[in-house]
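Read the structure below first, then the notes.
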Amino acid sequence: MCLAVPMKVLEIEGSPDDFLSGQIAVVDADGIRKETRLDVVDRWPEIGDYLIIHAGFAIHTLDPEEAKTNIRLMHEMVEKVEGLEATENNS
Amino acid sequence: MKYVDEFRDYALAEPLLKELRRSVTTSFRVMEVCGTHTMSIFRSGLRTLLPEGVELISGPGCPVCVTSASHIDAILAIAERTNVRIALFGDLFRVPGSSGLSLANASSQGTKVDIVYSPMDSLELARNYPEDMVVFLGVGFETTTPGIAATIMAAKNSNVDNFSVFSTHKTMPPPLLALLDDPELQIDGLLCPGHVSSIIGAGAYQPLVDRYGLACVVGGFEPADILQALILLARQVGRGEAKVENAYTRAVRWEENSRAQQMVHNIFEPADMEWRGLGMIPQSGLAIREEYGHFDAEKRLNIKLTPAEEPKGCRCGEILKGKELPSQCPLFGKRCTPGNPIGPCMVSSEGTCAAFYKYDQ
Ligand code: SF4
């Protein structure tokens, strides 16, 4: 049930402390626009942030920088491995 | 969407697998707690690629699988009421109760059953069918409960009267403690659930480290995420360390998601809960608070839980405790298949029996 697909925020309705009117973000999912609830998201997002969504509710906000850092870390891990390999092969 | 593709990229998996091979210096057993991990490990073929010495066992993290037989019977009793319309996440639809019948059978007999994507959709159903009592079946862990709490709050704020929730909500730390207290279960590490952790925070596993000296690593659900978590686990075990590490920083922080936890706290309170296979675990469930009792299906429909028999021969309970494999169940693949499931571990798309049947045959 957990799909870790971060979606980009295009529009925001409502405000973080007002639970009476809807707290909704419009997000981009593979080029399709979709609505998600913001009632329980850890940080109120800004347009351009990414959201991790579970059963129609955003649970986590990532800014684009954090998103990039995560990708970089993963690449670094792989590069380090490949670097190690190269030294091993040379020795 | 490039961001997503990066993590789906199988090119990443190969070097990570090599690193995992290198990191495994002593053999170890890891419990993957979450059903989504189980499914992802099988679907991606990771299980067959793991280096020797790494053993993965599934834990109690498939929400449908751990729903007790008496709760399933209560759900079927709700379905028999007139003027009730049931809203649920799809996986529950085909779980048989102790009579052998499921909601799928009830629905073919005329019970109104709607599969929804979000609990909020069930509020929409309540508005569209004012003559029915819409009962949402609340089954899930920390990740699912906040959205259901928000839905109950929205029902109250917008005066939707014909809506209620049947709560079998559960919290993850108590069953892990119960399992780990069992000396028969020998594990070295936990692959901690990604999205549950995004609600409770990675810090929630520190007590497991302190009490059991267990290596705990939070992992995401893509193959690269899982490999990264396994590498960290292998290194910890190899060095004789035990600590909490977070290999899923794009969704999980050390701290809890306090907005979500506050929402849950407003609507629910801790309660004793029966788990399939694990029995009654004190304070491991969530009941709707008195203040929101109007939205509690158990109270509104006066539902009583009665002890129920497990399906005869089904070993789900032992499988959920990580003690047996599906192949040890005499019914596996013979009388029990995804087309004709006998127990919930074969019904749920995240169930261990379903995963073994689909990918391991
Ligand atoms: S194979 Fe079927 S009967 Fe056996 S444990 Fe799994 S779900 Fe139960």
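Residue numbers (the numbering used here), protein chains in the order written: chain A, 1 to 91; chain B, 1001 to 1361. Ideal Cβ placement from N, Cα and C applies to all residues, glycine included. Just so we're clear, the structure is a prediction, and the values are computed from it rather than from any experiment.
Got a sec, what are the start and stop residues for the alpha helix (DSSP H) residue i sits in?
i, result
"residue 1356 of chain B", "1352 to 1359"
"residue 1197 of chain B", "1194 to 1200"
"residue 1225 of chain B", "1223 to 1239"
"residue 29 of chain A", "Residue 29 of chain A -> not in any alpha helix (DSSP H); beta strand (DSSP E) instead, spanning 24 to 29."
"residue 1124 of chain B", "1119 to 1128"
"residue 1319 of chain B", "1316 to 1320"
"residue 1106 of chain B", "1103 to 1108"
Report back the beta-carbon spacing between residue i and residue j to the nearest angstrom; my notes put them in contact at under 8 angstroms.
i, j, result
"residue 1142 of chain B", "residue 1120 of chain B", "18 angstroms between Cβ atoms; not a contact."
"residue 1178 of chain B", "residue 1281 of chain B", "5 angstroms"
"residue 1042 of chain B", "residue 1360 of chain B", "7 angstroms"
"residue 1049 of chain B", "residue 1234 of chain B", "In fact, because the Cβ distance is near 14 angstroms, the residues do not count as touching under 8 angstroms."
"residue 1116 of chain B", "residue 1103 of chain B", "Going by Cβ atoms, the distance from residue 1116 of chain B to residue 1103 of chain B rounds to 13 angstroms, so no, they are not a contact pair."
"residue 1035 of chain B", "residue 1348 of chain B", "7 angstroms"
Considering residue i, what are the terminal residues of the beta strand (DSSP E) in which it resides?
i, result
"residue 52 of chain A", "50 to 54"
"residue 1112 of chain B", "1112 to 1115"
"residue 1059 of chain B", "1054 to 1061"
"residue 1216 of chain B", "1215 to 1218"
"residue 7 of chain A", "7 to 13"
"residue 1151 of chain B", "Segment 1145 to 1157 is the alpha helix (DSSP H) holding residue 1151 of chain B; no beta strand (DSSP E) there."
"residue 1246 of chain B", "1244 to 1246"
What residues are listed by DSSP as bridge partners for residue i?
i, result
"residue 1280 of chain B", "B/1274"
"residue 1164 of chain B", "B/1135"
"residue 1294 of chain B", "For residue 1294 of chain B, which the question treats as bridged, DSSP gives no partner whatsoever."
"residue 1340 of chain B", "B/1337"
"residue 1189 of chain B", "B/1030, B/1215"
"residue 1285 of chain B", "B/1170, B/1271"
"residue 1018 of chain B", "Bridge partners of residue 1018 of chain B: none, in fact."
"residue 69 of chain A", "None; residue 69 of chain A has no bridge partner."
"residue 34 of chain A", "A/27"
"residue 61 of chain A", "A/51"
"residue 1332 of chain B", "B/1336"
**Study point:** Contact between the segment 1243 to 1250 of chain B and the segment 1205 to 1225 of chain B (3+ Cβ pairs under 8 angstroms)
**Key:** Because the criterion of three Cβ pairs below 8 angstroms is met, the segment 1243 to 1250 of chain B and the segment 1205 to 1225 of chain B touch.
Practice item. Would you check if there are 3 or more beta carbon pairs closer than 8 angstroms linking the segment 1199 to 1211 of chain B to the segment 1150 to 1169 of chain B? Key: Here the segment 1199 to 1211 of chain B does not lie against the segment 1150 to 1169 of chain B, with fewer than 3 beta-carbon pairs under 8 angstroms apart.
Point to revise | At least 3 beta-carbon pairs within less than 8 angstroms: the segment 30 to 42 of chain A vs the segment 56 to 70 of chain A | key: Verdict: yes, contact present.
**Study point:** Complete beta strand (DSSP E) runs within the segment 1020 to 1088 of chain B (minimum length 3 residues, chain order)
**Key:** Contiguous beta strand (DSSP E) elements confined to the segment 1020 to 1088 of chain B occur at 1028 to 1034, 1054 to 1061, 1084 to 1088, taking only those with 3 or more residues.
Review point. Can we say the segment 1053 to 1068 of chain B touches the segment 1119 to 1134 of chain B, given the rule of at least three CB pairs closer than 8 angstroms?
Key: Counting Cβ pairs under 8 angstroms, fewer than three are found: no touch.
Check your understanding: Okay, do the segment 1167 to 1181 of chain B and the segment 1271 to 1284 of chain B touch, 3+ Cβ pairs below 8 angstroms being the bar?
Key -> The segment 1167 to 1181 of chain B vs the segment 1271 to 1284 of chain B: in contact.
Check your understanding: Counting Cβ pairs, one atom from each stretch, are 3 or more of them under 8 angstroms apart for the segment 1074 to 1092 of chain B and the segment 1333 to 1342 of chain B?
Key -> As far as the Cβ criterion goes, the segment 1074 to 1092 of chain B does not touch the segment 1333 to 1342 of chain B, which means the pair count is below three.
Practice item. Mind the definition here: the segment 1048 to 1057 of chain B touches the segment 1022 to 1033 of chain B only if three or more C-beta pairs lie below 8 angstroms; say whether that holds. Key: Result yes; three or more Cβ-Cβ pairs closer than 8 angstroms.
Check your understanding: Are the segment 1102 to 1115 of chain B and the segment 1146 to 1155 of chain B in contact at 8 angstroms, needing three or more beta carbon pairs?
Key -> With the cut-off at 8 angstroms, the segment 1102 to 1115 of chain B and the segment 1146 to 1155 of chain B do not touch.
Practice item. Pair every Cβ in the segment 1066 to 1078 of chain B with every Cβ in the segment 1225 to 1238 of chain B, then say whether three or more of these pairs are closer than 8 angstroms. Key: A contact is defined here as three or more CB-CB pairs under 8 angstroms, and the segment 1066 to 1078 of chain B fails this definition with respect to the segment 1225 to 1238 of chain B.
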